[in-house]
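What follows is a set of notes on a single structure, which appears directly below.
There are 2 protein chains.
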Amino acid sequence: MGEGILVVICDGLGDRPVRALKGASPLEAATRPNMNHFAGKGACGIMDIISPGVRPGSDTAHLAILGFDPYKVYTGRGPFEAMGVGMEVRPGDVAFRCNFSSVNENMEIVDRRAGRIRERTGELARALDDWEFEGVKVFFKEGTEHRGVLLLRAEGLSPLVSDPDPHEEGVRPHECVPKAPEAALTARVVNAFVKRSYEILRDHPVNRDRIKAGQKPANIILPRGAGIMPHLPSIKERFGMSSAALAGVALVKGICRVAGMELLEVKGATGGLDTDMGAKMEAALEALEGHDMVLVNIKAADLAGHDGDFRMKANVVKRIDKALGVLRKGLPRDVHLALTADHSTPCCAKDHTGDPVPLAIFGPNVRPDNVRSFGERSCAQGGLGRLRGMDLLPVLLDLAGRTEKFGA
Amino acid sequence: MGEGILVVICDGLGDRPVRALKGASPLEAATRPNMNHFAGKGACGIMDIISPGVRPGSDTAHLAILGFDPYKVYTGRGPFEAMGVGMEVRPGDVAFRCNFSSVNENMEIVDRRAGRIRERTGELARALDDWEFEGVKVFFKEGTEHRGVLLLRAEGLSPLVSDPDPHEEGVRPHECVPKAPEAALTARVVNAFVKRSYEILRDHPVNRDRIKAGQKPANIILPRGAGIMPHLPSIKERFGMSSAALAGVALVKGICRVAGMELLEVKGATGGLDTDMGAKMEAALEALEGHDMVLVNIKAADLAGHDGDFRMKANVVKRIDKALGVLRKGLPRDVHLALTADHSTPCCAKDHTGDPVPLAIFGPNVRPDNVRSFGERSCAQGGLGRLRGMDLLPVLLDLAGRTEKFGA
Numbered sequence: 001m002g003e004g005i006l007v008v009i010c011d012g013l014g015d016r017p018v019r020a021l022k023g024a025s026p027l028e029a030a031t032r033p034n035m036n037h038f039a040g041k042g043a044c045g046i047m048d049i050i051s052p053g054v055r056p057g058s059d060t061a062h063l064a065i066l067g068f069d070p071y072k073v074y075t076g077r078g079p080f081e082a083m084g085v086g087m088e089v090r091p092g093d094v095a096f097r098c099n100f101s102s103v104n105e106n107m108e109i110v111d112r113r114a115g116r117i118r119e120r121t122g123e124l125a126r127a128l129d130d131w132e133f134e135g136v137k138v139f140f141k142e143g144t145e146h147r148g149v150l151l152l153r154a155e156g157l158s159p160l161v162s163d164p165d166p167h168e169e170g171v172r173p174h175e176c177v178p179k180a181p182e183a184a185l186t187a188r189v190v191n192a193f194v195k196r197s198y199e200i201l202r203d204h205p206v207n208r209d210r211i212k213a214g215q216k217p218a219n220i221i222l223p224r225g226a227g228i229m230p231h232l233p234s235i236k237e238r239f240g241m242s243s244a245a246l247a248g249v250a251l252v253k254g255i256c257r258v259a260g261m262e263l264l265e266v267k268g269a270t271g272g273l274d275t276d277m278g279a280k281m282e283a284a285l286e287a288l289e290g291h292d293m294v295l296v297n298i299k300a301a302d303l304a305g306h307d308g309d310f311r312m313k314a315n316v317v318k319r320i321d322k323a324l325g326v327l328r329k330g331l332p333r334d335v336h337l338a339l340t341a342d343h344s345t346p347c348c349a350k351d352h353t354g355d356p357v358p359l360a361i362f363g364p365n366v367r368p369d370n371v372r373s374f375g376e377r378s379c380a381q382g383g384l385g386r387l388r389g390m391d392l393l394p395v396l397l398d399l400a401g402r403t404e405k406f407g408a
Numbered sequence: 409m410g411e412g413i414l415v416v417i418c419d420g421l422g423d424r425p426v427r428a429l430k431g432a433s434p435l436e437a438a439t440r441p442n443m444n445h446f447a448g449k450g451a452c453g454i455m456d457i458i459s460p461g462v463r464p465g466s467d468t469a470h471l472a473i474l475g476f477d478p479y480k481v482y483t484g485r486g487p488f489e490a491m492g493v494g495m496e497v498r499p500g501d502v503a504f505r506c507n508f509s510s511v512n513e514n515m516e517i518v519d520r521r522a523g524r525i526r527e528r529t530g531e532l533a534r535a536l537d538d539w540e541f542e543g544v545k546v547f548f549k550e551g552t553e554h555r556g557v558l559l560l561r562a563e564g565l566s567p568l569v570s571d572p573d574p575h576e577e578g579v580r581p582h583e584c585v586p587k588a589p590e591a592a593l594t595a596r597v598v599n600a601f602v603k604r605s606y607e608i609l610r611d612h613p614v615n616r617d618r619i620k621a622g623q624k625p626a627n628i629i630l631p632r633g634a635g636i637m638p639h640l641p642s643i644k645e646r647f648g649m650s651s652a653a654l655a656g657v658a659l660v661k662g663i664c665r666v667a668g669m670e671l672l673e674v675k676g677a678t679g680g681l682d683t684d685m686g687a688k689m690e691a692a693l694e695a696l697e698g699h700d701m702v703l704v705n706i707k708a709a710d711l712a713g714h715d716g717d718f719r720m721k722a723n724v725v726k727r728i729d730k731a732l733g734v735l736r737k738g739l740p741r742d743v744h745l746a747l748t749a750d751h752s753t754p755c756c757a758k759d760h761t762g763d764p765v766p767l768a769i770f771g772p773n774v775r776p777d778n779v780r781s782f783g784e785r786s787c788a789q790g791g792l793g794r795l796r797g798m799d800l801l802p803v804l805l806d807l808a809g810r811t812e813k814f815g816a
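This is the structure:
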């Protein structure tokens, strides 16, 4: 009994009071009968994903929620992004998140996102993929929209290099500088790759067509966020559980793949504001039939938070809640459900913050508390108190009867 | 003022909601005016003995409550069991928990507990005690009922060996296998000891009498749970306090002895369901006259939890509560009392779980909160919030004015 585990992560859900919502957060302001059902019948708390006041990225957040200490395993988002776009990543590989960008003839950046290019980036990426420089194998793959991933493979690489992406426009790409002696080779390869990307892309047919159509050319690649791939034991190795993830966003997919989770695709689940959340919940229920643990990430609330649009965020909550009706109806009795977020993305901050996130755990073995609604402040009154992200999986495993006793 | 400390540990007290008790836990369902008195006048919280979701054994739990990090000092229960049965244990000794068991002429185990032998195990143990093999000194002592302890003393021993006890019947004892090269000697000694135990015990007069009486012979010793004795500084060394423990169970006694606590015996305190709890509380009050800190362990709730008998568990709570009347009447005004558990043993799980335990601290220097009853959920609303087992002693020492300032 109680052996299945379902973790629903509403990306960026946590928020702060909004004056125009009479001091409520977007979550608190939204109609959310299903969230309140799970909170009311379950045990609630708040969770510091990393530790109090630390602003998590979606990558470090998901690492923590999957039981890995991000301070030990995380050097940069590159390798997880690479996993997310489906590249093969081996321990020791160094990878970078990249943008397709536009530079003018003076090599000054005129658009860091190449006119928000969406089409034919695969053709551009293939022109850069599978190269070799000073014995380092170089791979490149497109991501969603203007994004791509650069991956380097050799002995003796290091992620301790600066970003060629200057993170602003009107300037030239920065030189990649080693921050430690052992990163010299890595920096040389990155600089050679950026230079080569311009040489190959500037006259690429895709860009000639873009210029003809009045669009900005995607004529250079700007890498950032170097990281080295750690060796991470899988969820199967650590807990003996089969697991699957439903996530639209490459970065989250990448983390889940690194943790050895099967990535399931859902038709209509885009990782955008238009995602079909109900389909994702139906797919989660189906996935629970063949997996011990299923993780669902719904990105939309985070996007609304980054846009600072609290009305849209409250509306997203309403849509998530409606989708949760699928679980309310169909969740098997022996499954423990955790409903939570990977971080707060308050509309006033338009970015991730370290505010704790609400948490409700629902299922046969919890001790229900007096909390009757799912919100940042109501959950703070709950019986779970204040936990950390890395505690979540142990708590769920214990409720599901899946832990080993420590001692006798 | 406020210098004495009394810690009352209701072993395995924590539980989960029981449907037949209208969703209450056995603790919540029981009449418990004295527990409620201490909770109502004191400060309450919940406690993760190790960390959230981790299932503690009674040994690792008591180590944590006594301020030792079990992840640093605990390798296995053997050495603490040895301390509990009164053996001399030195740092570096490797010890095993053992069963007196019955094998047939094919060396197949027919009863892992030798017909639950209770009498004359001392005679059998003496026949095996004080041996030497390959320079390793070998000691053996009986514990309660079918239990015993094997202790090895030499340079270069290791606890990294497999259990000869196969933990099931109908099979032969397993060979003890080293899990690391440095454990080869230890494994050889253990295998020689198991072989020798059969040779010596099979025709021992005690067993001849048992067979005559139609009882199963205790004709072999099956070791398990190897552990190496760490060096642990005593409570006196760490905190300058004299301390004593009242506990019926060998394992808990062993932990307390390792921590340098004086073990006090109470007439009628058996460690079983029939234990005289009132006598234990009287003895605790007496012990506080001569010791700065006293720990009392009451085992009965854990036994009821392991049996899955929630009515018995609620009844045990009622009996513990009655015994706590002794403290309500006689606790000196300057003593701080902590009422808690070492882990949860929910009746639905019939084993330890990682659910947090309730905690109430009563005494002159606490900040009383609004909690009015002692229960898993009421205490979660308390002013102490959610603590860890290793926090308990520092909190009590601070209330008792016994801590050093860190900094200036």
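Taken in sequence, the protein lines are chains X and L.
For the record, in the first sequence the residue sitting at position 137 is 137 according to the working numbering, with numbers rising by one throughout.
In the working numbering, each number is its position in the second sequence, counted from 1, plus 408.
Yeah, the Cβ is synthetic: ideal placement off N, Cα and C, and Gly gets one too.
Practice task
Rank L:Leu421, L:Glu436, L:Ala522 and L:Ala695 by C-alpha distance to the C-alpha of L:Gln623 and give the top, closest one.
Solution key: L:Ala522
Problem - Alpha-carbon spacing of L:Leu640 relative to L:Lys587, whole angstroms - result: 25 Å
Exercise for the section: Could you check if L:Glu550 is buried or exposed, using at least 16 other CB atoms within 10 Å of its CB as the buried criterion? Expected result: buried
Problem - Spatial distance of L:Gly753 from L:Ala708 (CA atoms) - result: It is worth fixing the name first, because residue 753 of chain L is Thr in this sequence and not Gly. The straight-line gap from Cα to Cα measures roughly 11 Å.
Exercise for the section: Go to L:Ala695, then tell me how far its alpha helix (DSSP H) extends in each direction, as first and last residue. Expected result: Met685 to Gly698
Problem - Option in L:Asn627, L:Ile629, L:Lys430 and L:Val666 with minimal Cα separation from L:Glu645 - result: L:Val666
Handout entry: Length at least 3, wholly inside the segment 118-162 of chain X: the beta strand (DSSP E) runs in chain order
Key = 131-133, 136-142 and 147-153
Practice task
Please determine if the segment 763-779 of chain L and the segment 449-456 of chain L are in contact, where contact requires at least 3 C-beta pairs separated by less than 8 Å.
Solution key: yes
Problem - L:Tyr479, buried or exposed, once every other Cβ within 10 Å from all chains shown has been counted against 16 - result: exposed
Problem - Interface partners of X:Asp369 on chain L, CB under 9 Å - result: Arg785, Ala788 and Gln789
Handout entry: Residues from the segment 655-667 of chain L in contact with chain X, defined by Cβ distance under 9 Å
Key = Leu659
Practice task
Keeping to the same chain, check which residues put their C-beta closer than 6 Å to that of X:Met83; ignore five residues upstream and five downstream.
Solution key: Val89, Gly254, Arg257 and Val258
Practice task
List the residues of chain L whose Cβ lies closer than 8 Å to the Cβ of X:Pro394, in chain order.
Solution key: Ser459, Pro460, Gly461, Val462 and Gly762
Exercise for the section: Spell out a yes or no on whether the segment 749-764 of chain L and the segment 419-434 of chain L are touching, meaning 3 or more CB-CB pairs, one atom from each, closer than 8 Å. Expected result: yes
Handout entry: Distance cut-off 7 Å: L:Pro641 Cβ against heavy atoms of the ligand MN
Key = The ligand MN is not part of the structure shown, which contains no ligands of any sort.
Exercise for the section: Decide if L:Ile417 is buried, meaning its Cβ has at least 16 other Cβ atoms within 10 Å, or exposed. Expected result: buried
Problem - Validate contact between the segment 138-154 of chain X and the segment 168-183 of chain X using beta carbons, cut 8 Å, 3 pairs - result: no
Exercise for the section: Go ahead and label X:Ser25 buried or exposed: buried means 16 or more other beta carbons lie within 10 angstroms of its beta carbon, across all protein chains shown. Expected result: buried
Exercise for the section: Compare the C-beta of L:Pro478 with all C-beta atoms of chain X and state if any pair is closer than 8 Å. Expected result: yes
Practice task
Tell me whether X:Pro159 is buried or exposed, calling it buried when 16 or more other Cβ atoms sit within 10 Å of its Cβ.
Solution key: buried
Exercise for the section: Answer with buried or exposed for X:Met411, where buried requires no fewer than 16 other C-beta atoms within 10 angstroms of its C-beta. Expected result: Since the first residue of chain X shown is 1 and the last is 408, residue 411 of chain X is not available in this structure.
Handout entry: CB contact flag (L:Leu807, L:Val765, <8 Å)
Key = no
Handout entry: For X:Pro358, the first and last residue of its enclosing beta strand (DSSP E)
Key = Val357 to Phe362
Problem - Host alpha helix (DSSP H) of X:Val296 (start-end) - result: No alpha helix (DSSP H) holds X:Val296; the beta strand (DSSP E) holding it covers Met293 to Ile298.
Handout entry: Bridge-paired residues (DSSP) for X:Lys416
Key = Because chain X in this structure spans residues 1 to 408, residue 416 of chain X falls outside the shown range and cannot be described.
Problem - Buried versus exposed, by CB contacts within 10 Å (16 or more), L:Gly486 - result: buried
Exercise for the section: Taking only the alpha-carbon atoms, compute the straight-line gap between L:Met455 and X:Thr340 and give it to the nearest angstrom. Expected result: 22 Å
Problem - Check whether X:Ala244 and L:Gly465 have beta carbons under 8 Å apart - result: no
Practice task
Compare the beta carbon distance of L:Val569 and L:Ala600 with 8 Å and say whether it is the shorter of the two.
Solution key: no
Handout entry: Run of the beta strand (DSSP E) containing X:Val94, from where it starts to where it stops
Key = Val94 to Val103
Handout entry: Endpoints, the beta strand (DSSP E) within which L:Leu747 is located
Key = Val743 to Thr748
Exercise for the section: Could you have a look at X:Glu168 and say whether DSSP puts it in helix, strand or coil? Expected result: coil
Problem - Within-8 Å CB hit, L:Ser466 to chain X - result: yes
Practice task
Determine the contact status of X:Leu431 and X:Ala287, defining contact as a CB-CB distance below 8 Å.
Solution key: An answer regarding residue 431 of chain X cannot be provided, because it is not within the stretch 1 to 408 covered by chain X.
Problem - Three-state secondary structure (DSSP) of X:Ala192 - result: helix
Problem - Min CB distance L:Cys452 to chain X below 8 Å - result: no
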